[in-house]
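Numbering (our numbering), first residue to last: 1 to 171.
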């Protein structure tokens, strides 16, 4: 079947025109953290928002008000969890992974790299992107909680305080 009911198209257009701006407003009100780089929790919320939006648009069983309330509830829960993580630091252990040391003092941590599934070629790539031609020039490469790799050169290490929360299994 190409089209069951032409009225369904009109409903879809109307609901999309009303729900999409509502979602944009909800996300803007919730702040920049809602749209930040994704850790595991943020990814779940993002997928849930997308699924909810699709359900609102395609299901006759979900009213417009119920759909907007569901979107607002998901964003509010994400906001509450982020607030909890900021106000009560021990909760971060449950909500976020710790950054992980992949290279220290120019030496790759192969066991750690295997465990977190990062190839040595990825370490070399991020080193090159930071202008380092020699891994020995690097003080640290860290796998961040959002999956990105951070590079700290020996000259940029300073007192190393930025590495205080990094899991370093090689020491």
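Idealized CB from N, CA, C, for every residue including glycine.
Span of the beta strand (DSSP E) holding residue i?
i	result
residue 100	100–104
residue 64	Run containing residue 64: none in the beta strand (DSSP E); it sits in the alpha helix (DSSP H), 64–87.
In three-state DSSP terms, what is residue i?
i	result
residue 164	coil
residue 129	helix
residue 148	coil
residue 141	strand
residue 114	helix
residue 154	coil
residue 93	helix
residue 28	helix
residue 60	coil
residue 169	coil
residue 48	helix
residue 7	helix
residue 22	helix
residue 119	coil
residue 42	helix
In its own chain, which residues sit with a C-beta less than 6 Å from the C-beta of residue i, not counting the 5 before and 5 after it?
i	result
residue 129	none
residue 55	62
Would you mind giving the Cβ-Cβ distance between residue i and residue j, rounded to the nearest angstrom? I have them listed as a contact below 8 Å.
i	j	result
residue 116	residue 143	6 Å
residue 165	residue 98	6 Å
residue 68	residue 119	Their Cβ separation, rounded to whole angstroms, is 44 Å, which puts residue 68 and residue 119 out of contact at 8 Å.
Quick one: residues in its chain with C-beta nearer than 8 Å to the C-beta of residue i, no 5 flanking neighbours on either side, listed in chain order?
i	result
residue 92	85
residue 77	45
residue 57	12, 15, 16 and 19
residue 145	39, 96, 97, 98 and 99
residue 112	100, 101, 102, 169 and 170
Give the DSSP bridge partners of residue i, in chain order.
i	result
residue 108	103
Short of 7 Å in beta carbon distance, which residues of its chain neighbour residue i, apart from the five on each side in sequence? Order them along the chain.
i	result
residue 139	105, 152, 153, 154 and 157
residue 26	71, 72 and 75
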